[in-house]
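Numbering (the numbering used here), first residue to last: 3 to 114.
Written out as structure tokens, the structure is:
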């Protein structure tokens with residue numbers, strides 16, 4: 003991503019969410035394409051299920067937690083980049099990710 007791009011985006015939270023969703027869809031499309039072209043179909047069954055579960059768990063986070071977790075793990079942004087993009091401190095970005103992951107763990111544990 004080019005420097006300053008985030009500053010020109012009116013709603014970085016919506017943009018980050020859309021990019022994360024697009025990445026998930028694109029990965030699923032590539033897996034389906036590999037299956038159609040003759041790649042080993044069995045190796046792709048589990049990631050599709052994992053992507054669905056991840057999407058469901060992410061939907062249970064608060065909007066801010068979801069946006070920051072997506073920025074960290076799907077867009078692979080550093081905490082410094084997240085802080086600059088959202089106008090927060092690095093420690094706030096770190097704690098938001100930690101709280102989001104803890105919430106995901108708790109929800110996953112309770113659903114077992």
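All C-beta atoms in this analysis are idealised placements derived from N, C-alpha and C, irrespective of residue type, glycine included.
All figures in this text were calculated on a predicted structure; none of them were measured in a lab.
Quick one: grab the DSSP three-state call for residue i.
{"i": "residue 98", "result": "helix"}
{"i": "residue 70", "result": "helix"}
{"i": "residue 46", "result": "Note on residue 46: pLDDT 49, under 50, position unreliable in the model; the coordinate value appears next. DSSP places residue 46 in helix when its eight states are reduced to three."}
{"i": "residue 90", "result": "coil"}
{"i": "residue 106", "result": "helix"}
Judging by CA-CA distance, which residue of the options is the nearest neighbour of residue i?
{"i": "residue 95", "options": "105, 112, 79, 27", "result": "79"}
{"i": "residue 67", "options": "57, 25, 101", "result": "101"}
{"i": "residue 62", "options": "10, 104, 11, 12", "result": "104"}
Less than 8 Å between the beta carbons of residue i and residue j, yes or no?
{"i": "residue 124", "j": "residue 99", "result": "Lying outside 3 to 114, the shown extent of the chain, residue 124 is not represented and no answer is given."}
{"i": "residue 77", "j": "residue 23", "result": "no"}
What does a CB cutoff of less than 8 Å around residue i pick up in its chain, not counting 5 residues either side in sequence?
{"i": "residue 87", "result": "8, 14, 18, 73, 79"}
{"i": "residue 59", "result": "106, 109, 110"}
Could you pull out every residue in the same chain whose Cβ sits closer than 7 Å to the Cβ of residue i, ignoring the five residues on either side in sequence?
{"i": "residue 69", "result": "15, 18, 19"}
{"i": "residue 81", "result": "92, 95, 96"}
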